[in-house]
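Colleague:
Residue numbers (the working numbering): 16 to 329.
Encoded structure:
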């Protein structure tokens, strides 16, 4: 993927040729100049120059087939534009070499195209520069979707990445993970946090405004959080569940929070011996609940084993 460096532009091109052509729109450069004496026309592409030079040599291959007209044109596009004047509507033109016949509907054009195509392969791809033919409509449809995907896919050009996105804005957001750009800065004095997208900035701002709408319903707790996933992680400390288990061989450590597992796993990866997690077992006979901290164990005993008591000394 090629991103235009011009300030205020940022256009993304999927191919180098399209990127070069786009850059000419900024520089005003027209490198393909007409060689006919006295003609000052210049163009951004060789194709446009070739089409222009046909107006000099008089080669008009495309003829209007409507009765009483017979006008001829240098390109299929000029013929199509002319035909709109006859019908005042879109006209389908056969792009097969030296044909140029026109039709009122795409269906009639497709029926006509079979004259140019071998009878055993009646489906021809009309994508520019392709022209492949197919035996069945389903195989043709599968092929055509490849072109559609090529047209809409945006690929990361960062070395070793190659992630693909269906929208340019999503690629632009992804590129910030490589460049480190974080354009959305918190405006609260003394904060300085910045983010890759505005949604993450908004979520961060709730910490400053005190908007903590997710409250723990556990009796005697009442902690509040800005995000539902933080509340969900907190609730596990009350239940005693430890769903996040270490996947390293011969390690049976488990944690109530994903972040704790991450820190633990990082020590494995760095070659350090991770400390076993602190576990507080419920001392009541027949209860196998375990907790990460004393306060959660205390809350459990008060609620389950000793209802009505105000405190427990552990």
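Using N, Cα and C, we set each Cβ at its ideal position, and we do this for glycine too.
Is the number of C-beta pairs between the region 175-186 and the region 197-210 that are closer than 8 Å three or more?
Modeller: As far as the Cβ criterion goes, the region 175-186 does not touch the region 197-210, which means the pair count is below three.
Colleague: Pairs of beta-carbons, one from the region 113-129 and one from the region 76-93, closer than 8 Å: are there three or more?
Modeller: Touching, per the Cβ criterion.
Colleague: Could you check which residue in 192, 194, 193 and 223 has the C-alpha nearest to that of residue 207?
Modeller: For residue 207, the nearest C-alpha among the options comes from 223.
Colleague: Taking only beta-carbon atoms, is residue 54 less than 8 Å away from chain B?
Modeller: Of the chains in the structure shown, none is chain B; there is only one protein chain.
Colleague: Answer yes if the region 264-281 comes into contact with the region 226-235, meaning at least three C-beta pairs across the two stretches below 8 Å, and no otherwise.
Modeller: In short, these stretches do not touch, since the Cβ pair count stays below three.
Colleague: For a test of the three-state rule: what should DSSP assign to residue 150, helix, strand or coil?
Modeller: Here residue 150 sits in coil by DSSP.
Colleague: Could you check whether residue 255 and residue 306 sit closer than 8 Å to each other, using their CB atoms as the reference points?
Modeller: Result yes, Cβ atoms of residue 306 and residue 255 sit closer than 8 Å.
Colleague: With distance defined between alpha-carbon atoms, name the residue in 72, 75, 51 and 43 nearest to residue 60.
Modeller: Selected option, being the one with the closest Cα: 43.
Colleague: For residue 329, which of helix, strand or coil comes out of DSSP?
Modeller: Only weak support is given to the placement of residue 329: the predicted model assigns it a pLDDT of 46, under 50, and the value that follows is read from those uncertain coordinates. Coil at residue 329, not helix or strand.
Colleague: Can you grab the Cα-Cα spacing for the pair residue 324 / residue 315, in whole Å?
Modeller: Caution is warranted here: a pLDDT of 48 is assigned to residue 324, below 50, making its placement in the model unreliable, and no coordinate value can be reported.
Colleague: Tell me the rounded alpha-carbon separation between residue 111 and residue 150.
Modeller: So the alpha carbons of these two residues sit roughly 19 Å apart.
Colleague: State buried or exposed for residue 126, treating a residue as buried only when at least 16 other CB atoms are found within 10 Å of its CB.
Modeller: Residue 126 is exposed by the Cβ-count criterion.
Colleague: How far does the alpha helix (DSSP H) with residue 30 in it reach, from first residue to last?
Modeller: Here residue 30 belongs to no alpha helix (DSSP H), and DSSP marks it neither H nor E.
Colleague: Please list, in chain order, all residues of the same chain as residue 24 whose beta carbon is under 8 Å from its beta carbon, the five residues on each side excluded.
Modeller: Once the five neighbours on either side are set aside, the close Cβ partners of residue 24 are 41.
Colleague: Less than 8 Å between the C-beta atoms of residue 253 and residue 311, yes or no?
Modeller: Cβ distance < 8 Å, so residue 253 and residue 311 count as in contact.
Colleague: Going by Cα to Cα distance, which pick from 250, 156 and 218 is closest to residue 241?
Modeller: When only C-alpha atoms are compared, the closest one is 218.
Colleague: Please state the DSSP three-state secondary structure of residue 269.
Modeller: Three-state DSSP puts residue 269 in a strand.
Colleague: Whole angstroms is fine: what's the gap from residue 36's alpha carbon to residue 62's?
Modeller: Each residue's Cα considered, the two are about 12 Å apart.
Colleague: Between the C-alpha atoms of residue 52 and residue 71, what's the straight-line distance to the nearest angstrom?
Modeller: Residue 52 and residue 71: Cα-Cα distance of roughly 10 Å.
Colleague: Using three-state DSSP, classify residue 324 as helix, strand or coil.
Modeller: Reliability of the predicted coordinates at residue 324 is poor, the pLDDT of 48 falling under 50, and no value is obtained from them.
Colleague: Within 10 Å of its beta-carbon, does residue 122 have 16 or more other beta-carbons around it, so buried, or fewer, so exposed?
Modeller: Flag for residue 122 reads exposed.
Colleague: Applying the 10 Å Cβ sphere with the 16-neighbour rule, what's the burial state of residue 213?
Modeller: Exposed, since its Cβ has fewer than 16 Cβ neighbours within 10 Å.
Colleague: Going straight from the alpha carbon of residue 20 to that of residue 48, what length do you get?
Modeller: Rounded to the nearest angstrom, the two C-alpha atoms are 27 Å apart.
Colleague: Using 10 angstroms around the beta-carbon of residue 2, count the other beta-carbons present and answer buried if the total reaches 16, otherwise exposed.
Modeller: Limits of the chain in this structure are 16 at one end and 329 at the other, which puts residue 2 out of reach.
Colleague: Can you give the Cα-Cα distance for residue 3 and residue 266, rounded to whole angstroms?
Modeller: Past the boundaries of the shown model lies residue 3; the chain is included only from 16 to 329, so the question cannot be answered.
Colleague: To test your reading of the DSSP string, which unbroken alpha helix (DSSP H) runs of 4 or more residues are found completely within the region 192-255?
Modeller: Runs found: 213-224 and 243-254.
Colleague: Where does the unbroken alpha helix (DSSP H) through residue 71 begin, and where does it stop?
Modeller: Start and end: 61-72.
Colleague: Can you look up residue 88 in the DSSP assignment and give me helix, strand or coil?
Modeller: DSSP places residue 88 in strand when its eight states are reduced to three.
Colleague: Pick from 209, 89, 170 and 237: whose alpha carbon is nearest that of residue 64?
Modeller: Of the listed residues, the one whose Cα sits closest to residue 64 is 89.
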